[in-house]
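Reviewing the structure listed below.
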Amino acid sequence: MPQKIIIDCDPGHDDAIAILLAAGNPEIELLGITTVAGNQTIEKVTRNALAVCTVAGIRVPVARGAAVPLVEPQMVAEDIHGDTGLDGPYLPPSQLELDPRSGAQFIVDTVMAHEPGSVSLVPVGPFTNIALAMRLEPRIVDRVKSVVVMGGAYTRGNVTPGAEFNVYVDPEAAEAVFRAPWEVTMMGLDLTHQALATAELQDRVRAVGGPISRLVLDIWEFVGSTYKRQYEFDAPPVHDACCVAALIDPDAFTTALADVRVELRGEWTRGTTVVNFLDAPGMHHSNGSALAQTDYRTRIATALDWERFADQVVDAVERLTAALG
Amino acid sequence: MERIILDCDPGHDDALAILLAAGNPEIELLGITTVAGNQTIEKVTRNALAACAWAGIRVPVAAGATRPFLGEQLTAGEIHGASGMDGPELPEPLVDLDPRHAVAFIIETVMAAEPKTVTLVPIGPLTNIALALRQEPRLADRVKQVVLMGGAYAVHGRSPVTEFNIAADPESAAVVFEAGWPLTMAPLDLTYQALATDDVIARFGEIPGHLGGIVVELLEFFSSRYRAERALAAAPVHDPCAVAWLIDRDVFTTRPATVVVETAGTYARGQTVTDFLGQLGRPANAEVAITLDRDRFWALMTDAVARLSRPVT
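These protein sequences, in sequence, are chains A and B. Heads up, the final residue of the first sequence is numbered 313 in the working numbering, and it's a clean run with no missing numbers. Heads up, the final residue of the second sequence is numbered 331 in the working numbering, and it's a clean run with no missing numbers.
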């Protein structure tokens, strides 16, 4: 039985790979894609989601979600993803129709229409839609199987020194997601910086050939150059695909339980995920603020088996390419 | 030759920093000031005098701030014990306490010396240093540099994101990091590389004289607490790292960064937000220690204890 998922995303280069991996892996049944303002405006990321589906022959509902965060003004990541939000590849005009519902409503309807415990949410952009859906229909919290998020970090940041983009953009929404009593697995930067599209992986994707291979390589070429410039990386991290990969092959990931809080009030640390591990040398305390962080419910991914991750990505590109005929 | 004032809250690792500063010929220890931190000001001051007595160190010792600038004092009894320096028996002081407040001692010592000749080495909460700077703003230009133990950028101690010395007095830390003086920070990320493993402790046991044995007792107690409280294999010997770098710049590598101290925040208050990539758009204000050369560090430490152990001729 494939796992039913909804990807909530802001494509975004790595978001596009997450969509391809979800659509191209037989272990996953992609129920739909919802979009959220993040890497670029809601219009741009929604157009990009449709374009990726068009190129890859993916036919699933796409619903446009929130245009602004709950509290903060919107910010985008043009420095990484470019003016379109998916600069680099040629993206054809899409004939696909948007689902008429809002992203949050699509999530609510889809979760409630399926058996309890059968749908997983995969938010890989700011968590605005997820937080809105929770408040629209609180029963989804019990009904969802699991939530696998790309966001946060425990040793680094990519917007500020300690804050990761998806959490930083909408900290209130992120805190709502981490506080809700559902099973959350966090793919933070500490993990996703291990999921690099190295030259080796790019060569393997190149060997597949065809339009999807071309799309993936153009994506990595562009985002590789921005990561080189902004962060001194030698290869671009494929952040968002990690969430899908973890649902396909959990054993490729090492995880640890932790209490995660989103700092909402800091002057320099707003939007930081403050992660208190249940079992981590140097982080056990008889006093200090860690005393307030003993709700060890969130599973934090800490280490990735890169080979297995790379195999998944190549396999998905191969399957989608074969399906194009 | 570096002329330094060591501002500390002994503390096991503070005691080792005192021994390193007094025992190494490249350091002229102008005085020791104490600050409420690992334990109350009474206890840490007594411990500073005791550390001097163990090694026959005769330098001025001045007691300082009794509490942080805002909020309640934090202590670290779970790590350092009820006395603040549990383990060996504490001897009677050899010298009387300097009559001045630590802040007055720091100001007078720095202003009496030639400009840019005195280095401040704060290895406890930064209360005394911030008070001195506000009382005598010329200090910012007059001191040669500040080399502190405190903060963290990826490894954390006091909470998931903070280190004790900074969390104990974030406002004072913010003052010190914003002062515009040359500043080097030895964070937890560095000092967690200075582990007092059994083979290291054994080397102190081989030094003739009583001092080596005292160091063994200090480190064994310290390591036992870190094993029990922090699930670490051995104690990180934080504070001497700052002194060691003044003796030998190859003891650790550094990288320039912008460091700001979070003074707000529910969970992150006291975090040293460390920006290596220019994400904050502010100029660098610190050299941050990255990688420790363990062999050099422990060689300096054992050498200092051996020198202090030699009979005075």
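Positions of the beta carbon are idealized from the N, C-alpha and C atoms, including for glycine. None of the values given here were measured: they were computed from a predicted structure.
Heavy atom of the ligand MG within 7 Å of residue i beta-carbon
i, result
"residue 46 of chain A", "Absence of the ligand MG is noted for the structure shown, with no ligands found whatsoever."
Under 9 Å by beta carbon: chain B residues contacting residue i
i, result
"residue 179 of chain A", "Neighbours of residue 179 of chain A on chain B: none; closest Cβ ~14 Å, over 9 Å."
"residue 266 of chain A", "In chain order: nothing, as chain B lies at least about 11 Å away."
Interface flag, residue i vs chain A, CB-CB below 8 Å
i, result
"residue 281 of chain B", "yes"
"residue 291 of chain B", "yes"
"residue 278 of chain B", "yes"
"residue 297 of chain B", "yes"
"residue 324 of chain B", "no"
"residue 230 of chain B", "no"
"residue 302 of chain B", "no"
"residue 212 of chain B", "no"
"residue 100 of chain B", "no"
"residue 252 of chain B", "no"
"residue 172 of chain B", "yes"
Short CB-CB distance (under 8 Å) between residue i and chain B
i, result
"residue 149 of chain A", "yes"
"residue 262 of chain A", "yes"
"residue 219 of chain A", "yes"
"residue 144 of chain A", "yes"
"residue 289 of chain A", "no"
"residue 278 of chain A", "yes"
Partners in chain B for residue i, counting only beta-carbon separations shorter than 7 Å
i, result
"residue 284 of chain A", "Ordered by position in chain B, no residue passes the 7 Å Cβ test against residue 284 of chain A, which lies about 12 Å from the chain."
"residue 167 of chain A", "By Cβ distance, chain B contributes nothing, its closest Cβ being about 13 Å from residue 167 of chain A, past 7 Å."
"residue 249 of chain A", "285"
C-alpha distance - residue i paired with residue j, whole-angstrom precision
i, j, result
"residue 168 of chain B", "residue 176 of chain A", "26 Å"
"residue 67 of chain A", "residue 297 of chain B", "12 Å"
"residue 36 of chain A", "residue 29 of chain B", "58 Å"
"residue 116 of chain A", "residue 303 of chain B", "36 Å"
"residue 289 of chain A", "residue 228 of chain A", "13 Å"
"residue 168 of chain A", "residue 129 of chain A", "7 Å"
"residue 348 of chain B", "residue 257 of chain A", "Nothing can be reported for residue 348 of chain B: it is not among the residues displayed for chain B, which extend from 19 to 331."
"residue 142 of chain A", "residue 181 of chain B", "15 Å"
"residue 230 of chain A", "residue 16 of chain A", "14 Å"
"residue 163 of chain A", "residue 260 of chain A", "10 Å"
"residue 206 of chain A", "residue 94 of chain A", "31 Å"
"residue 24 of chain B", "residue 241 of chain B", "23 Å"
"residue 132 of chain B", "residue 154 of chain B", "16 Å"
"residue -1 of chain A", "residue 290 of chain B", "33 Å"
"residue 74 of chain A", "residue 5 of chain A", "11 Å"
"residue 121 of chain A", "residue 192 of chain B", "41 Å"
"residue 233 of chain B", "residue 116 of chain B", "26 Å"
"residue 202 of chain A", "residue 77 of chain A", "8 Å"
"residue 65 of chain B", "residue 46 of chain B", "21 Å"
"residue 293 of chain A", "residue 171 of chain A", "22 Å"
"residue 29 of chain A", "residue -4 of chain A", "14 Å"
"residue 27 of chain B", "residue 70 of chain B", "14 Å"
Contact with chain C by residue i, beta-carbon distance below 8 Å
i, result
"residue 256 of chain A", "Looking at the structure shown, chain C is missing, and the protein chains on hand are A and B."
Under 8 Å from the C-beta of residue i: neighbouring residues of chain B
i, result
"residue 252 of chain A", "284"
Within chain A, the residues that residue i reaches when beta carbons sit closer than 8 Å
i, result
"residue 83 of chain B", "None at all; the shortest Cβ gap to chain A is about 20 Å."
Partner residues on chain A for residue i, Cβ-Cβ distance less than 7 Å
i, result
"residue 148 of chain B", "Within 7 Å Cβ-Cβ: nothing; residue 148 of chain B doesn't reach chain A, min ~18 Å."
Say whether the segment 152 to 162 of chain B touches the segment 196 to 204 of chain B, bearing in mind that this needs 3 or more beta-carbon pairs closer than 8 Å, one atom from each stretch.
-> yes
Contact between the segment 107 to 114 of chain A and the segment 69 to 82 of chain A: three or more CB pairs below 8 Å?
-> no
Proximal residues, the segment 178 to 201 of chain B versus chain A, C-beta separation under 9 Å = 178, 179, 180, 182 and 185
Does the pairing of the segment 283 to 299 of chain B with the segment 44 to 61 of chain B give three or more beta-carbon distances under 8 Å?
-> no
Could you tell me whether the segment 200 to 212 of chain B touches the segment 254 to 261 of chain B, using the rule of 3 or more Cβ pairs below 8 Å?
-> yes
If you pair each beta-carbon of the segment 181 to 198 of chain A with each one of the segment 285 to 304 of chain A, do three or more pairs fall below 8 Å?
-> yes
At least three beta-carbon pairs within less than 8 Å, the segment 278 to 293 of chain A to the segment 315 to 331 of chain B | no
Does the segment 104 to 114 of chain B come close enough to the segment 126 to 136 of chain B to have 3 or more Cβ pairs within less than 8 Å?
-> no
Would you check if there are 3 or more beta carbon pairs closer than 8 Å linking the segment 184 to 191 of chain B to the segment 86 to 103 of chain B?
-> yes
Does the pairing of the segment 81 to 90 of chain B with the segment 46 to 55 of chain B give three or more beta-carbon distances under 8 Å?
-> yes
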